[in-house]
Each structure stands twice: as C-alpha cells, then as structure tokens.
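So the sequence lines, in the order shown, correspond to chains A and B. Using this note's numbering, the first residue of the first sequence is number 729, and each one after it goes up by one. Using this note's numbering, the first residue of the second sequence is number 3, and each one after it goes up by one.
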Amino acid sequence: GEKVEQHESTLSVREGDSAVINCTYTDTASSYFPWYKQEAGKSLHFVIDIRSNVDRKQSQRLTVLLDKKAKRFSLHITATQPEDSAIYFCAARVQGGRALIFGTGTTVSVSP
Amino acid sequence: EAAVTQSPRNKVTVTGGNVTLSCRQTNSHNYMYWYRQDTGHGLRLIHYSYGAGNLQIGDVPDGYKATRTTQEDFFLLLELASPSQTSLYFCASSDGGQGDNQAPLFGEGTRLSVL
C-alpha cells in the first residue's frame, strides 16, 4: 500500500526566515496531497492541498510544490511567524483510494 | 458549522477493560475515519466507513472493532484494552467517494490511557 515519508522530524527557524518540509510517497497513483497543522494539545487543521494535475499551489505565505516524477511534495512557509510553530503533517491519497495516509510529522519551531 | 465531535475527551482504563470511543459528525459526510496518533508514527488508520452499516479495515486494525450505526455516528471499540493501545485517537469525516479530493475534517481527539 501507499507509504508517505516525511523527511524532517524537527525544524528550527528564526522569525522571518523560510521553512521547507519535504515528503515522498510510494504509489504513483496518488493524486491528492493535503497538509495539516497541529498546534500543541490541539487537533489537526487543514492548511493547504495540491492535486496531481498541478505542480504548484500558493495560499498566502504557504506554497506546495509537487514533483510527480520524483514522487515528492513539499511545503514552503515564507516569512515565518511564532504562530507558525506547530507539528505539520503531509498526507497522500490514491485516486479513488480509501483514506489519507500520513507522514510522521515535522515539528516546526519559530524563534524570535 | 461543520463539526466532528468526539467523546470522551479523556479516558483511563485498565488492561483488559472495555472502552468505547464515540464520534459524531454533522456535516452530512459519507466517510468517517478512526486514526491513532503516536510519536514517531504520525497518524495511522485503524478503521473507516463509507456509510451506515459499512466498515473497512485500515492499516492497524488489530485489537479494534468499529461500528457505524448512522451516517452521523461512528464508534471505536476496544474490548480487551492493552497498554499498547494507549494513544491519542482522532475521528475524521469527509464527503468521500471515488475521486474525492477533499481534506477530511478532524475531531478534537480522545486521549486514552490503558494502565
């Protein structure tokens, strides 16, 4: 079955710098890639997604890039702020597939 | 407002005990999911359902049963709880269906401790 590997377990950045989280997947039939944010002690909240028919999507300070050839996708956060500190999860779903498969999460810490 | 509500929010039980985790969604979604979150493992899919009476097996189903009684309600049952089932459990719902590309909406989670 599909597996999603999230490469960075922790990421520390200074406020105002950029952060990049990388994920790879195994199933070439994967077609949907959402990202979730989990603040300390809270639930997962959707932040941005990308579908396999595009290779880039931007929403304010967040950009997702998708490289289907390399089976890799990444989340870019620009101009980081302390409130960006959280665990970020990538996920993938196979076209017509049953459920999202998640990566192991990246803890992002933004320091002043 | 779309919502997924889990109960209880916290639960402590003993080894061998019975536990039922409840989830209700008011989003008219077809799909509901149970995940467990553990450090180093991310979220792992336990069971899911695409409608009342339907149950699909996830990636880590051992020791868990689930039942979808209505479109709104999805339950996770641990009949002989073990310490390895100590975890944070999330329920989620989505519109689902083939080709569905919507991010599931998550509940607030249930923290379960098995002593």
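Glycine residues also receive a C-beta, built at the ideal position from the N, C-alpha and C atoms.
For residue i, collect the residues of the same chain with a Cβ closer than 6 Å to its Cβ; drop the 5 residues on either side in sequence, then sort them by chain order.
i	result
residue 12 of chain B	113
residue 20 of chain B	81
residue 101 of chain B	At residue 101 of chain B, the pLDDT of 47 sits below 50, so the modelled position is not reliable and the matter cannot be decided from this model.
residue 29 of chain B	4 and 95
residue 785 of chain A	778 and 792
residue 90 of chain B	39, 111 and 113
residue 783 of chain A	794
residue 835 of chain A	738 and 815
residue 34 of chain B	51, 76 and 95
residue 740 of chain A	837
For residue i, collect the residues of the same chain with a Cβ closer than 8 Å to its Cβ; drop the 5 residues on either side in sequence, then sort them by chain order.
i	result
residue 819 of chain A	732, 761, 762, 763, 764, 828, 829, 830 and 831
residue 743 of chain A	808, 809, 810, 838, 839 and 840
residue 833 of chain A	734, 737, 766, 815, 816 and 817
Cβ closer than 7 Å: which chain A residues qualify as neighbours of residue i?
i	result
residue 105 of chain B	762, 774 and 777
residue 31 of chain B	The premise fails here: residue 31 of chain B is roughly 13 Å from chain A at the closest Cβ pair, so nothing lies under 7 Å.
Starting from residue i, find everything on chain A with Cβ-Cβ shorter than 8 Å and list it in chain order.
i	result
residue 92 of chain B	771 and 772
Using a Cβ cut-off of 7 Å, pull out every chain B residue sitting near residue i, in sequence order please.
i	result
residue 801 of chain A	Within 7 Å Cβ-Cβ: nothing; residue 801 of chain A doesn't reach chain B, min ~14 Å.
residue 833 of chain A	44
Considering only residues of the same chain and omitting the five flanking positions on each side of residue i, which have a CB-CB separation below 7 Å?
i	result
residue 755 of chain A	730 and 822
residue 774 of chain A	762 and 764
residue 84 of chain B	17, 65 and 116
Start and end of the beta strand (DSSP E) containing residue i?
i	result
residue 73 of chain B	Neither: residue 73 of chain B is in no beta strand (DSSP E) and is coded neither H nor E.
residue 87 of chain B	Run containing residue 87 of chain B: none; DSSP gives neither H nor E here.
residue 762 of chain A	758 to 766
residue 742 of chain A	738 to 742
residue 750 of chain A	747 to 753
residue 44 of chain B	44 to 51
residue 57 of chain B	Premise fails: residue 57 of chain B is in no beta strand (DSSP E) and is neither H nor E.
residue 8 of chain B	6 to 9
residue 39 of chain B	33 to 40
residue 816 of chain A	814 to 822
Residues of chain A with a CB under 9 Å from the CB of residue i: which are they?
i	result
residue 110 of chain B	770 and 771
residue 47 of chain B	826, 827, 828, 829 and 830
Return the residues of the stretch 750 to 780 of chain A that lie within a Cβ-Cβ distance of less than 8 Å from chain B, sorted by chain order.
Contact annotation: in the stretch 750 to 780 of chain A, residues whose CB is within less than 8 Å of a CB in chain B are 759, 760, 762, 764, 770, 771, 772, 773, 774, 777 and 779.
Is the stretch 63 to 78 of chain B touching the stretch 22 to 39 of chain B in the sense that three or more CB pairs, one from each, lie closer than 8 Å?
Yes, the stretch 22 to 39 of chain B is in contact with the stretch 63 to 78 of chain B.
Please list, in chain order, the residues of the stretch 12 to 38 of chain B that have any C-beta partner in chain A closer than 8 Å.
Within the stretch 12 to 38 of chain B, 33, 35 and 37 place their CB atoms closer than 8 Å to a CB of chain A, listed in sequence order.
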